[in-house]
Amino acid sequence: MLTKKYVAPFLFGFIGILSFAPFSIKPLIFLSYAYLIKELTYKNDSTIKKLVFWSLGHWGFGMSWIIVSVYYYGNTNIYLSLIIFFILVLILTAVFSMPLLVMKIRLFNGFKYERIGEILYISSLLILSEWSMYYLLNGVPWIIPGIIFLDTITQNLYPILGVAGGSFIIYFLAALMAISWIKNKRLSYAFFILTFITLLPNTLYKNQTVEDINVSIIQPASDPFLKYSNGYKNTIENNLLKLYRNRSKESHIVIFPEAELPYALESEEFNEFSRKLDHSQEIFTGAWHFEDGSLFNSLVNLNTSEIYNKQHLVPFGEYIPFISSLRGLIAFFDMPMSNVSHGSTKQNAMKLNSFDDIKFAPLICYDIAFGNTVRKSNISSNFMINISNDTWFGSSIGPYHHLDIARVRAIENNKWIVRSTNDGFSAIIDNNGTIVTKIEKGDSSTLNGSISLLKDRSFYNIYGYLIPYLFALIVILFSVIINLCTKRRA
1 MLTKKYVAPF
11 LFGFIGILSF
21 APFSIKPLIF
31 LSYAYLIKEL
41 TYKNDSTIKK
51 LVFWSLGHWG
61 FGMSWIIVSV
71 YYYGNTNIYL
81 SLIIFFILVL
91 ILTAVFSMPL
101 LVMKIRLFNG
111 FKYERIGEIL
121 YISSLLILSE
131 WSMYYLLNGV
141 PWIIPGIIFL
151 DTITQNLYPI
161 LGVAGGSFII
171 YFLAALMAIS
181 WIKNKRLSYA
191 FFILTFITLL
201 PNTLYKNQTV
211 EDINVSIIQP
221 ASDPFLKYSN
231 GYKNTIENNL
241 LKLYRNRSKE
251 SHIVIFPEAE
261 LPYALESEEF
271 NEFSRKLDHS
281 QEIFTGAWHF
291 EDGSLFNSLV
301 NLNTSEIYNK
311 QHLVPFGEYI
321 PFISSLRGLI
331 AFFDMPMSNV
341 SHGSTKQNAM
351 KLNSFDDIKF
361 APLICYDIAF
371 GNTVRKSNIS
381 SNFMINISND
391 TWFGSSIGPY
401 HHLDIARVRA
411 IENNKWIVRS
421 TNDGFSAIID
431 NNGTIVTKIE
441 KGDSSTLNGS
451 ISLLKDRSFY
461 NIYGYLIPYL
471 FALIVILFSV
481 IINLCTKRRA
(Lines of atoms letter the chains of each structure in order from A; the text may use other names.)
(Lines give C-alpha, C1' and ligand atoms only; values in the text may rest on other atoms or scores of the structure.)
Protein backbone atom coordinates (compact mmCIF):
# COMPACT_ATOMS: atom_id res chain seq x y z
CA MET A 1 0.00 0.00 0.00
CA LEU A 2 2.85 2.38 0.86
CA THR A 3 4.47 1.67 -2.51
CA LYS A 4 1.27 2.27 -4.43
CA LYS A 5 0.40 5.52 -2.65
CA TYR A 6 3.78 7.24 -2.44
CA VAL A 7 6.63 5.57 -4.31
CA ALA A 8 4.65 4.92 -7.51
CA PRO A 9 3.54 8.55 -8.06
CA PHE A 10 7.05 9.78 -7.23
CA LEU A 11 8.53 7.47 -9.87
CA PHE A 12 5.92 8.41 -12.46
CA GLY A 13 6.76 12.07 -11.89
CA PHE A 14 10.47 11.36 -12.05
CA ILE A 15 10.40 9.43 -15.34
CA GLY A 16 8.76 12.40 -17.06
CA ILE A 17 12.02 14.33 -16.62
CA LEU A 18 13.90 11.57 -18.44
CA SER A 19 12.13 12.64 -21.64
CA PHE A 20 14.12 15.90 -21.59
CA ALA A 21 17.79 16.38 -22.50
CA PRO A 22 20.30 14.95 -21.83
CA PHE A 23 18.32 11.69 -21.54
CA SER A 24 15.74 12.37 -24.28
CA ILE A 25 13.67 9.20 -23.70
CA LYS A 26 10.72 11.06 -25.21
CA PRO A 27 7.86 8.50 -24.82
CA LEU A 28 8.18 8.67 -21.02
CA ILE A 29 6.53 12.10 -20.94
CA PHE A 30 3.25 10.53 -22.10
CA LEU A 31 3.41 7.84 -19.42
CA SER A 32 4.20 10.39 -16.69
CA TYR A 33 1.33 12.72 -17.54
CA ALA A 34 -1.10 9.87 -18.22
CA TYR A 35 -0.58 8.75 -14.62
CA LEU A 36 -1.09 12.33 -13.38
CA ILE A 37 -4.30 12.73 -15.39
CA LYS A 38 -5.62 9.38 -14.17
CA GLU A 39 -5.08 10.34 -10.54
CA LEU A 40 -6.49 13.86 -10.93
CA THR A 41 -9.65 12.87 -12.74
CA TYR A 42 -10.50 9.43 -11.39
CA LYS A 43 -12.45 9.11 -8.13
CA ASN A 44 -9.75 8.57 -5.56
CA ASP A 45 -9.43 9.59 -1.89
CA SER A 46 -5.62 9.80 -2.11
CA THR A 47 -5.46 12.23 -5.04
CA ILE A 48 -3.77 15.09 -3.17
CA LYS A 49 -1.07 12.90 -1.60
CA LYS A 50 -0.29 11.23 -4.90
CA LEU A 51 -0.18 14.59 -6.63
CA VAL A 52 2.36 15.91 -4.12
CA PHE A 53 4.62 12.90 -4.57
CA TRP A 54 4.30 13.05 -8.37
CA SER A 55 5.37 16.69 -8.19
CA LEU A 56 8.30 15.92 -5.89
CA GLY A 57 9.54 13.43 -8.45
CA HIS A 58 8.85 15.66 -11.45
CA TRP A 59 9.65 19.23 -10.45
CA GLY A 60 11.91 18.07 -7.63
CA PHE A 61 14.33 16.55 -10.11
CA GLY A 62 13.68 18.99 -12.96
CA MET A 63 14.10 22.10 -10.78
CA SER A 64 16.94 20.83 -8.60
CA TRP A 65 19.23 23.60 -9.91
CA ILE A 66 17.29 26.02 -7.66
CA ILE A 67 19.17 24.49 -4.72
CA VAL A 68 22.47 25.48 -6.36
CA SER A 69 21.35 29.04 -7.07
CA VAL A 70 20.08 29.56 -3.51
CA TYR A 71 23.06 27.83 -1.90
CA TYR A 72 25.74 29.59 -3.96
CA TYR A 73 24.24 32.90 -5.05
CA GLY A 74 22.18 33.24 -1.89
CA ASN A 75 25.23 32.39 0.22
CA THR A 76 23.05 30.39 2.61
CA ASN A 77 23.29 26.96 4.22
CA ILE A 78 22.16 23.80 2.47
CA TYR A 79 19.26 23.16 4.85
CA LEU A 80 17.57 26.49 4.17
CA SER A 81 18.22 25.95 0.45
CA LEU A 82 16.36 22.64 0.61
CA ILE A 83 13.45 24.20 2.51
CA ILE A 84 13.07 26.99 -0.06
CA PHE A 85 13.31 24.45 -2.87
CA PHE A 86 10.64 22.25 -1.30
CA ILE A 87 8.31 25.25 -0.89
CA LEU A 88 8.80 26.15 -4.56
CA VAL A 89 7.91 22.60 -5.61
CA LEU A 90 4.74 22.71 -3.50
CA ILE A 91 3.75 26.06 -5.03
CA LEU A 92 4.31 24.67 -8.54
CA THR A 93 2.17 21.68 -7.59
CA ALA A 94 -0.69 23.85 -6.32
CA VAL A 95 -0.69 26.26 -9.25
CA PHE A 96 -0.44 23.59 -11.92
CA SER A 97 -3.05 21.21 -10.53
CA MET A 98 -5.59 23.56 -8.93
CA PRO A 99 -7.68 24.15 -12.09
CA LEU A 100 -8.12 20.42 -12.63
CA LEU A 101 -9.00 19.76 -9.00
CA VAL A 102 -11.52 22.60 -8.88
CA MET A 103 -13.15 21.61 -12.15
CA LYS A 104 -13.29 17.99 -11.06
CA ILE A 105 -15.04 18.80 -7.79
CA ARG A 106 -17.34 21.61 -8.92
CA LEU A 107 -18.32 20.43 -12.38
CA PHE A 108 -17.74 16.78 -13.08
CA ASN A 109 -17.36 14.94 -9.77
CA GLY A 110 -15.13 12.55 -11.66
CA PHE A 111 -14.86 12.06 -15.41
CA LYS A 112 -16.71 9.36 -17.32
CA TYR A 113 -14.00 8.87 -19.94
CA GLU A 114 -16.55 8.30 -22.68
CA ARG A 115 -16.35 11.28 -25.02
CA ILE A 116 -13.60 12.92 -27.02
CA GLY A 117 -14.84 16.22 -25.57
CA GLU A 118 -13.67 15.19 -22.12
CA ILE A 119 -10.20 14.41 -23.46
CA LEU A 120 -10.08 17.87 -25.02
CA TYR A 121 -11.38 19.36 -21.76
CA ILE A 122 -8.61 17.75 -19.69
CA SER A 123 -5.98 18.82 -22.24
CA SER A 124 -7.32 22.38 -22.23
CA LEU A 125 -7.19 22.63 -18.44
CA LEU A 126 -3.60 21.41 -18.40
CA ILE A 127 -2.45 23.84 -21.10
CA LEU A 128 -3.95 26.75 -19.14
CA SER A 129 -2.31 25.43 -15.97
CA GLU A 130 0.98 25.42 -17.88
CA TRP A 131 0.32 29.03 -18.94
CA SER A 132 0.08 30.03 -15.27
CA MET A 133 3.70 28.94 -14.77
CA TYR A 134 4.81 31.93 -16.85
CA TYR A 135 3.48 34.20 -14.09
CA LEU A 136 4.01 32.28 -10.83
CA LEU A 137 6.66 34.08 -8.73
CA ASN A 138 7.26 36.30 -11.79
CA GLY A 139 7.49 33.15 -13.90
CA VAL A 140 8.90 29.63 -13.60
CA PRO A 141 8.39 28.28 -17.16
CA TRP A 142 10.69 25.31 -16.77
CA ILE A 143 10.42 21.71 -18.06
CA ILE A 144 7.52 22.63 -20.36
CA PRO A 145 6.45 19.28 -21.93
CA GLY A 146 6.14 20.57 -25.52
CA ILE A 147 9.90 21.01 -25.72
CA ILE A 148 10.44 17.25 -26.05
CA PHE A 149 9.34 17.39 -29.71
CA LEU A 150 12.72 18.87 -30.68
CA ASP A 151 14.31 16.81 -33.49
CA THR A 152 10.96 15.15 -34.30
CA ILE A 153 8.59 15.88 -37.17
CA THR A 154 6.28 17.65 -34.71
CA GLN A 155 8.82 20.45 -34.16
CA ASN A 156 7.62 21.85 -37.49
CA LEU A 157 4.52 23.05 -35.62
CA TYR A 158 6.62 25.37 -33.42
CA PRO A 159 6.66 28.24 -35.99
CA ILE A 160 2.84 28.07 -36.04
CA LEU A 161 1.60 26.99 -32.60
CA GLY A 162 4.72 27.51 -30.51
CA VAL A 163 5.80 25.16 -27.75
CA ALA A 164 2.30 25.42 -26.23
CA GLY A 165 0.96 23.58 -29.26
CA GLY A 166 3.42 20.77 -28.55
CA SER A 167 2.32 20.64 -24.92
CA PHE A 168 -1.34 20.43 -25.94
CA ILE A 169 -0.56 17.41 -28.12
CA ILE A 170 1.20 15.72 -25.19
CA TYR A 171 -1.68 16.39 -22.80
CA PHE A 172 -4.19 15.11 -25.37
CA LEU A 173 -2.27 11.89 -25.99
CA ALA A 174 -1.61 11.43 -22.26
CA ALA A 175 -5.35 11.79 -21.58
CA LEU A 176 -6.03 9.26 -24.33
CA MET A 177 -3.57 6.90 -22.67
CA ALA A 178 -5.21 7.44 -19.26
CA ILE A 179 -8.59 6.48 -20.70
CA SER A 180 -7.22 3.32 -22.27
CA TRP A 181 -5.45 2.62 -18.98
CA ILE A 182 -8.68 2.80 -16.95
CA LYS A 183 -11.59 1.91 -19.16
CA ASN A 184 -11.27 1.56 -22.92
CA LYS A 185 -8.34 -0.68 -23.82
CA ARG A 186 -9.07 -0.35 -27.53
CA LEU A 187 -8.04 3.31 -27.41
CA SER A 188 -4.50 2.18 -26.65
CA TYR A 189 -4.06 1.39 -30.35
CA ALA A 190 -4.93 4.97 -31.28
CA PHE A 191 -2.55 6.25 -28.60
CA PHE A 192 0.41 4.20 -29.83
CA ILE A 193 -0.18 5.08 -33.49
CA LEU A 194 -0.52 8.82 -32.83
CA THR A 195 2.46 8.86 -30.46
CA PHE A 196 4.60 7.01 -32.99
CA ILE A 197 3.73 9.59 -35.66
CA THR A 198 4.48 12.61 -33.44
CA LEU A 199 7.90 11.22 -32.49
CA LEU A 200 9.08 10.42 -36.02
CA PRO A 201 12.51 11.99 -36.74
CA ASN A 202 12.41 15.38 -38.43
CA THR A 203 13.22 15.06 -42.14
CA LEU A 204 12.09 18.52 -43.23
CA TYR A 205 15.34 20.28 -42.31
CA LYS A 206 16.47 22.93 -44.77
CA ASN A 207 20.21 23.49 -44.87
CA GLN A 208 21.29 27.12 -44.43
CA THR A 209 24.05 28.28 -46.76
CA VAL A 210 23.97 32.08 -46.50
CA GLU A 211 26.57 33.51 -44.11
CA ASP A 212 25.90 37.17 -43.40
CA ILE A 213 27.79 37.93 -40.18
CA ASN A 214 30.92 36.45 -38.63
CA VAL A 215 30.85 36.07 -34.86
CA SER A 216 33.22 35.10 -32.05
CA ILE A 217 31.89 33.69 -28.78
CA ILE A 218 33.90 33.65 -25.54
CA GLN A 219 33.32 30.90 -22.95
CA PRO A 220 35.73 31.34 -19.99
CA ALA A 221 34.57 28.51 -17.67
CA SER A 222 35.70 30.40 -14.57
CA ASP A 223 35.13 28.93 -11.13
CA PRO A 224 31.87 30.53 -9.88
CA PHE A 225 32.74 29.87 -6.24
CA LEU A 226 35.91 31.98 -6.57
CA LYS A 227 34.48 34.75 -8.74
CA TYR A 228 34.19 37.33 -5.96
CA SER A 229 37.18 36.13 -3.96
CA ASN A 230 40.09 38.45 -3.31
CA GLY A 231 42.77 38.08 -5.97
CA TYR A 232 40.65 36.06 -8.42
CA LYS A 233 39.77 39.16 -10.46
CA ASN A 234 43.11 39.07 -12.27
CA THR A 235 42.66 35.39 -13.09
CA ILE A 236 39.27 36.12 -14.68
CA GLU A 237 40.59 39.07 -16.69
CA ASN A 238 43.69 37.23 -17.93
CA ASN A 239 41.61 34.23 -18.99
CA LEU A 240 39.13 36.43 -20.87
CA LEU A 241 41.93 38.29 -22.66
CA LYS A 242 43.62 35.02 -23.62
CA LEU A 243 40.39 33.70 -25.13
CA TYR A 244 39.73 37.07 -26.77
CA ARG A 245 43.05 36.84 -28.63
CA ASN A 246 41.80 33.59 -30.20
CA ARG A 247 38.91 35.37 -31.92
CA SER A 248 38.79 35.50 -35.69
CA LYS A 249 40.03 38.81 -37.06
CA GLU A 250 37.23 38.57 -39.62
CA SER A 251 34.51 38.51 -36.97
CA HIS A 252 32.10 41.42 -37.04
CA ILE A 253 31.00 40.95 -33.44
CA VAL A 254 32.57 39.45 -30.31
CA ILE A 255 30.35 38.28 -27.46
CA PHE A 256 31.32 37.76 -23.82
CA PRO A 257 28.93 35.91 -21.45
CA GLU A 258 26.62 37.14 -18.70
CA ALA A 259 28.20 39.20 -15.88
CA GLU A 260 31.55 37.40 -16.01
CA LEU A 261 33.53 40.33 -14.60
CA PRO A 262 33.22 40.73 -10.80
CA TYR A 263 32.63 44.49 -10.90
CA ALA A 264 30.08 46.92 -12.30
CA LEU A 265 30.00 48.62 -15.69
CA GLU A 266 30.49 52.03 -14.06
CA SER A 267 33.69 51.04 -12.22
CA GLU A 268 37.18 52.14 -13.22
CA GLU A 269 38.18 48.47 -13.25
CA PHE A 270 35.67 47.82 -16.03
CA ASN A 271 36.97 50.79 -18.03
CA GLU A 272 40.53 49.49 -17.70
CA PHE A 273 39.47 46.07 -18.98
CA SER A 274 37.54 47.60 -21.89
CA ARG A 275 40.58 49.60 -22.99
CA LYS A 276 42.48 46.34 -23.52
CA LEU A 277 40.03 45.26 -26.24
CA ASP A 278 40.11 46.11 -29.95
CA HIS A 279 37.01 48.19 -30.62
CA SER A 280 37.33 47.93 -34.39
CA GLN A 281 35.11 44.89 -33.89
CA GLU A 282 31.74 45.33 -32.19
CA ILE A 283 31.95 43.94 -28.65
CA PHE A 284 29.03 42.85 -26.48
CA THR A 285 29.33 41.70 -22.89
CA GLY A 286 27.23 41.04 -19.85
CA ALA A 287 27.83 43.34 -16.88
CA TRP A 288 26.36 44.52 -13.61
CA HIS A 289 24.98 47.98 -14.20
CA PHE A 290 23.72 50.71 -11.87
CA GLU A 291 20.97 53.00 -13.11
CA ASP A 292 19.07 55.51 -10.96
CA GLY A 293 20.18 53.73 -7.80
CA SER A 294 19.04 50.30 -9.01
CA LEU A 295 21.24 47.33 -9.89
CA PHE A 296 20.59 45.58 -13.21
CA ASN A 297 21.95 42.50 -14.93
CA SER A 298 22.74 43.92 -18.36
CA LEU A 299 24.03 43.34 -21.88
CA VAL A 300 26.10 46.27 -23.14
CA ASN A 301 27.54 47.24 -26.51
CA LEU A 302 31.01 48.49 -25.59
CA ASN A 303 31.26 50.42 -28.87
CA THR A 304 28.06 52.45 -28.50
CA SER A 305 27.22 52.05 -24.77
CA GLU A 306 23.72 50.83 -25.73
CA ILE A 307 22.34 48.73 -22.86
CA TYR A 308 19.69 46.07 -22.41
CA ASN A 309 18.57 45.16 -18.86
CA LYS A 310 17.48 41.61 -18.05
CA GLN A 311 13.70 41.37 -17.68
CA HIS A 312 13.17 38.01 -15.98
CA LEU A 313 15.19 37.30 -12.85
CA VAL A 314 15.87 33.87 -11.37
CA PRO A 315 13.62 33.36 -8.30
CA PHE A 316 15.57 32.92 -5.04
CA GLY A 317 18.76 33.61 -7.02
CA GLU A 318 18.63 37.18 -8.31
CA TYR A 319 15.53 38.23 -6.44
CA ILE A 320 13.48 37.02 -3.47
CA PRO A 321 9.70 36.76 -3.92
CA PHE A 322 7.79 38.88 -1.37
CA ILE A 323 11.13 40.46 -0.43
CA SER A 324 9.57 43.56 1.18
CA SER A 325 7.88 41.34 3.76
CA LEU A 326 10.83 39.03 4.36
CA ARG A 327 13.77 41.41 4.72
CA GLY A 328 15.25 41.35 8.20
CA LEU A 329 13.64 38.05 9.23
CA ILE A 330 16.53 35.83 8.12
CA ALA A 331 19.99 36.91 6.97
CA PHE A 332 19.46 35.07 3.68
CA PHE A 333 16.73 37.52 2.67
CA ASP A 334 19.16 40.44 2.99
CA MET A 335 21.69 39.01 0.55
CA PRO A 336 23.16 41.54 -1.95
CA MET A 337 22.02 39.60 -5.03
CA SER A 338 18.40 39.98 -3.95
CA ASN A 339 18.67 43.68 -4.87
CA VAL A 340 18.75 43.06 -8.63
CA SER A 341 15.97 44.94 -10.45
CA HIS A 342 13.80 43.82 -13.36
CA GLY A 343 14.48 45.50 -16.69
CA SER A 344 11.65 47.27 -18.49
CA THR A 345 9.31 45.16 -20.65
CA LYS A 346 9.35 47.93 -23.29
CA GLN A 347 13.01 47.66 -24.32
CA ASN A 348 13.68 47.61 -28.05
CA ALA A 349 15.86 45.37 -30.19
CA MET A 350 19.51 46.49 -30.16
CA LYS A 351 21.35 47.74 -33.25
CA LEU A 352 24.62 46.66 -34.79
CA ASN A 353 26.71 49.80 -35.23
CA SER A 354 28.77 48.29 -38.06
CA PHE A 355 25.72 47.44 -40.21
CA ASP A 356 22.83 49.50 -41.52
CA ASP A 357 19.33 48.47 -40.41
CA ILE A 358 20.49 45.28 -38.69
CA LYS A 359 18.97 44.58 -35.27
CA PHE A 360 19.09 41.71 -32.84
CA ALA A 361 16.95 40.60 -29.91
CA PRO A 362 19.00 40.75 -26.67
CA LEU A 363 18.18 38.01 -24.16
CA ILE A 364 19.93 37.34 -20.88
CA CYS A 365 19.83 33.87 -19.33
CA TYR A 366 16.32 33.29 -17.94
CA ASP A 367 14.74 35.70 -20.44
CA ILE A 368 14.84 33.04 -23.14
CA ALA A 369 12.52 30.74 -21.16
CA PHE A 370 9.67 33.23 -21.67
CA GLY A 371 8.22 32.66 -25.11
CA ASN A 372 6.21 35.88 -25.25
CA THR A 373 9.18 38.00 -24.18
CA VAL A 374 11.33 36.44 -26.90
CA ARG A 375 8.54 36.87 -29.45
CA LYS A 376 8.15 40.60 -28.74
CA SER A 377 11.92 41.11 -28.84
CA ASN A 378 12.02 39.56 -32.32
CA ILE A 379 9.32 41.67 -33.99
CA SER A 380 11.94 43.78 -35.78
CA SER A 381 15.12 41.73 -35.26
CA ASN A 382 17.28 39.76 -37.70
CA PHE A 383 18.79 37.37 -35.14
CA MET A 384 19.17 36.86 -31.37
CA ILE A 385 22.04 37.19 -28.92
CA ASN A 386 21.59 35.17 -25.74
CA ILE A 387 24.16 35.52 -22.98
CA SER A 388 23.87 33.32 -19.93
CA ASN A 389 25.50 32.16 -16.74
CA ASP A 390 24.66 28.47 -16.53
CA THR A 391 26.74 27.98 -13.42
CA TRP A 392 23.30 28.50 -11.79
CA PHE A 393 22.65 24.88 -12.63
CA GLY A 394 25.75 23.24 -11.19
CA SER A 395 26.01 19.64 -12.41
CA SER A 396 22.24 19.26 -12.89
CA ILE A 397 20.36 18.73 -16.15
CA GLY A 398 19.73 22.50 -16.25
CA PRO A 399 22.33 23.48 -18.91
CA TYR A 400 21.02 20.82 -21.32
CA HIS A 401 17.43 21.94 -20.86
CA HIS A 402 18.38 25.61 -21.15
CA LEU A 403 20.07 24.90 -24.49
CA ASP A 404 16.95 23.09 -25.73
CA ILE A 405 14.80 26.06 -24.74
CA ALA A 406 17.04 28.29 -26.88
CA ARG A 407 16.65 25.88 -29.80
CA VAL A 408 12.85 26.02 -29.51
CA ARG A 409 12.90 29.84 -29.48
CA ALA A 410 14.98 29.83 -32.68
CA ILE A 411 12.38 27.66 -34.43
CA GLU A 412 9.38 29.57 -33.05
CA ASN A 413 10.69 32.93 -34.26
CA ASN A 414 12.55 31.84 -37.42
CA LYS A 415 15.79 33.43 -36.20
CA TRP A 416 19.38 32.34 -35.62
CA ILE A 417 20.75 32.54 -32.07
CA VAL A 418 24.27 33.37 -30.96
CA ARG A 419 24.65 32.04 -27.42
CA SER A 420 27.53 32.85 -25.05
CA THR A 421 27.60 31.27 -21.59
CA ASN A 422 30.12 31.30 -18.76
CA ASP A 423 30.73 27.55 -18.73
CA GLY A 424 28.54 25.97 -21.42
CA PHE A 425 26.80 25.39 -23.60
CA SER A 426 27.83 28.26 -25.89
CA ALA A 427 26.51 27.73 -29.40
CA ILE A 428 25.38 28.99 -32.77
CA ILE A 429 21.82 27.78 -33.44
CA ASP A 430 20.09 28.17 -36.80
CA ASN A 431 16.42 29.01 -37.37
CA ASN A 432 15.55 25.31 -37.58
CA GLY A 433 16.85 24.73 -34.05
CA THR A 434 19.93 22.91 -35.30
CA ILE A 435 23.13 23.42 -33.32
CA VAL A 436 25.58 24.50 -36.01
CA THR A 437 28.53 24.47 -33.62
CA LYS A 438 29.01 24.65 -29.86
CA ILE A 439 31.45 24.64 -26.95
CA GLU A 440 30.92 21.79 -24.49
CA LYS A 441 30.08 22.44 -20.86
CA GLY A 442 33.12 23.11 -18.70
CA ASP A 443 35.43 23.92 -21.62
CA SER A 444 37.30 27.22 -21.76
CA SER A 445 37.34 28.19 -25.42
CA THR A 446 36.58 30.66 -28.21
CA LEU A 447 34.06 29.76 -30.91
CA ASN A 448 34.33 31.41 -34.32
CA GLY A 449 31.49 31.02 -36.80
CA SER A 450 28.89 32.65 -39.03
CA ILE A 451 25.15 33.29 -38.91
CA SER A 452 22.40 34.21 -41.37
CA LEU A 453 20.19 37.27 -41.03
CA LEU A 454 16.47 36.63 -41.51
CA LYS A 455 13.67 39.16 -41.78
CA ASP A 456 10.65 36.90 -42.35
CA ARG A 457 8.43 36.55 -39.29
CA SER A 458 6.84 33.23 -38.43
CA PHE A 459 3.10 32.85 -37.77
CA TYR A 460 3.95 32.32 -34.10
CA ASN A 461 6.07 35.48 -33.99
CA ILE A 462 3.06 37.47 -35.17
CA TYR A 463 0.29 35.83 -33.14
CA GLY A 464 2.08 34.06 -30.29
CA TYR A 465 0.30 31.21 -28.51
CA LEU A 466 -3.10 32.51 -29.67
CA ILE A 467 -4.34 29.28 -31.30
CA PRO A 468 -3.66 26.75 -28.48
CA TYR A 469 -4.79 29.09 -25.68
CA LEU A 470 -7.89 30.33 -27.50
CA PHE A 471 -8.84 26.77 -28.45
CA ALA A 472 -8.42 25.69 -24.81
CA LEU A 473 -10.62 28.54 -23.54
CA ILE A 474 -13.35 27.69 -26.06
CA VAL A 475 -13.28 24.00 -25.09
CA ILE A 476 -13.52 24.82 -21.37
CA LEU A 477 -16.33 27.32 -21.94
CA PHE A 478 -18.39 24.83 -23.94
CA SER A 479 -17.69 22.08 -21.39
CA VAL A 480 -18.90 24.27 -18.54
CA ILE A 481 -22.06 25.31 -20.41
CA ILE A 482 -22.90 21.73 -21.41
CA ASN A 483 -22.30 20.45 -17.88
CA LEU A 484 -24.45 23.16 -16.27
CA CYS A 485 -27.25 22.55 -18.75
CA THR A 486 -27.10 18.81 -18.09
CA LYS A 487 -27.32 19.35 -14.32
CA ARG A 488 -30.23 21.76 -14.70
CA ARG A 489 -32.19 19.24 -16.77
CA ALA A 490 -31.52 16.54 -14.20
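Residues 1 to 490 in this note's numbering are what the sequence shown spells out, letter by letter. C-beta: ideal position from N, C-alpha, C; glycine also.
Are the CB atoms of residue i and residue j nearer to each other than 8 Å?
| i | j | result |
| --- | --- | --- |
| Lys38 | Ile182 | yes |
| Ile143 | His401 | yes |
| Gly218 | Ile255 | It is Ile, not Gly, that sits at residue 218 in the sequence shown. Yes. |
| Ile127 | Ala164 | yes |
| Ile257 | Asn389 | Per the sequence shown, the amino acid found at residue 257 is Pro instead of Ile. Their beta carbons are under 8 Å apart, which means Pro257 touches Asn389 by this criterion. |
| Ser344 | Ser294 | no |
| Ser381 | Phe355 | no |
| Asn386 | Asn414 | no |
| Ile66 | Leu36 | no |
| Lys276 | Leu241 | yes |
| Ile364 | Gly286 | yes |
| Lys310 | Phe290 | no |
| Phe393 | His312 | no |
| Ser251 | Gln281 | yes |
| Leu204 | Pro468 | no |
| Arg247 | Ser216 | yes |
| Ser81 | Val95 | no |
| Asn372 | Gly464 | yes |
| Leu302 | Ile283 | yes |
| Pro315 | Val140 | yes |
So who's on the other strand from residue i, going by DSSP bridges?
| i | result |
| --- | --- |
| Gln219 | Ser445 |
| Gly231 | Gly231 is not bridged to any residue. |
| Ala94 | BP columns for Ala94 are empty, so no partner. |
| Asn386 | Leu363 and Arg419 |
| Thr152 | Pro201 |
| Ile255 | Ile217 and Phe284 |
| Ala264 | Trp288 |
Take residue i and list the residues in its own chain whose beta-carbon comes closer than 7 Å to its own, dropping the five residues that flank it on each side.
| i | result |
| --- | --- |
| Gly442 | Ala221, Asp423 and Gly424 |
| Thr152 | Thr198, Leu199, Leu200, Pro201 and Asn202 |
| Ser24 | none |
| Ala331 | At Ala331 the pLDDT is 49, less than 50, meaning the model places this residue with poor confidence and gives no usable figure here. |
| Thr47 | Glu39 and Leu40 |
Might you give, ordered along the chain, the residues of its own chain that have their beta carbon closer than 6 Å to the beta carbon of residue i, omitting 5 neighbours on each side?
| i | result |
| --- | --- |
| Gly328 | Low confidence applies to Gly328: its pLDDT is 49, below 50, so where it sits in the model is not reliable, and the reading given next is rough at best. Taken in chain order, the list of residues that qualify is empty. |
| Ser32 | Phe12, Ile15 and Gly16 |
| Ser97 | Leu51 |
| Lys26 | Ser19, Ile148 and Leu199 |
| Ser188 | Ser180 |
Grab me the residues of residue i's own chain with a C-beta within less than 8 Å of its C-beta, minus the 5 sequence neighbours each way, in chain order.
| i | result |
| --- | --- |
| Ile172 | Here residue 172 is Phe; the residue named in the question, Ile, does not match the sequence. So the qualifying residues of the chain are Ile119, Leu120 and Ser123. |
| Ile147 | Phe20, Val163, Gly166, His401, Asp404, Ile405 and Val408 |
| His279 | Leu302 and Asn303 |
Sort the options by Cα distance to residue i and report the nearest one.
| i | options | result |
| --- | --- | --- |
| Ser458 | Ile29, Phe471, Asn378 and Glu291 | Asn378 |
| Leu226 | Phe273, Asn271, Lys376 and Pro262 | Pro262 |
| Leu406 | Phe393, Ser426, Ser395 and Ser396 | A small correction: the amino acid at residue 406 is Ala; Leu does not occupy that position in the sequence shown. Of Phe393, Ser426, Ser395 and Ser396, the residue nearest in Cα terms is Ser426. |
| Pro159 | Lys487, Arg489, Ala410 and Met384 | Ala410 |
| Val300 | Ser251, Glu268, Thr486 and Leu352 | Leu352 |
| Phe61 | Ile429, Tyr463, Phe471 and Gly398 | Gly398 |
| Ile116 | Glu268, Ala174 and Tyr135 | Ala174 |
| Ala575 | Lys49, Trp54 and Pro22 | Residue 575 lies beyond the residue range present for the chain, which begins at 1 and ends at 490; the question has no answer from this structure. |
| Leu454 | Arg247, Met384, Ser479 and Val7 | Met384 |
| Ser132 | Asn156, Leu92, Leu150 and Thr373 | Leu92 |
| Val374 | Thr434, Ile462, Thr437 and Thr391 | Ile462 |
| Phe191 | Phe30, Leu466 and Ala8 | Phe30 |
| Lys438 | Ser452, Asn238 and Arg419 | Arg419 |
| Glu318 | Ser267, Ala259, Glu272 and Tyr134 | Ala259 |
| Asp391 | Arg489, Thr421 and Thr41 | The identity of residue 391 in the sequence shown is Thr, whereas the question assumes Asp. Measuring from the Cα of Thr391, the nearest candidate turns out to be Thr421. |
Problem set entry | Whole runs of the alpha helix (DSSP H) within the segment 398 to 475, excluding any shorter than 4 residues | As far as the segment 398 to 475 is concerned, its whole alpha helix (DSSP H) runs of at least 4 residues are 398 to 413 and 459 to 463.
Exercise. Along the chain, which unbroken stretches of the beta strand (DSSP E) at least 3 residues long are found entirely within the segment 338 to 383?
Worked result: Listed in chain order, they are 359 to 364.
Exercise. At which residue ranges does the segment 283 to 324 contain complete beta strand (DSSP E) runs of 3 or more residues, listed in the order of the chain?
Worked result: Qualifying beta strand (DSSP E) stretches, in chain order: 294 to 301 and 307 to 309.
Exercise. Which ranges does the alpha helix (DSSP H) cover as unbroken runs of at least 4 residues, wholly within the segment 50 to 74, from first to last along the chain?
Worked result: Fully enclosed alpha helix (DSSP H) runs of 4 or longer: 65 to 68.
For this session: Please list the segments of the alpha helix (DSSP H) lying wholly inside the segment 155 to 192, counting only runs of 4 or more residues, in order along the chain.
Result: Listed in chain order, they are 158 to 182.
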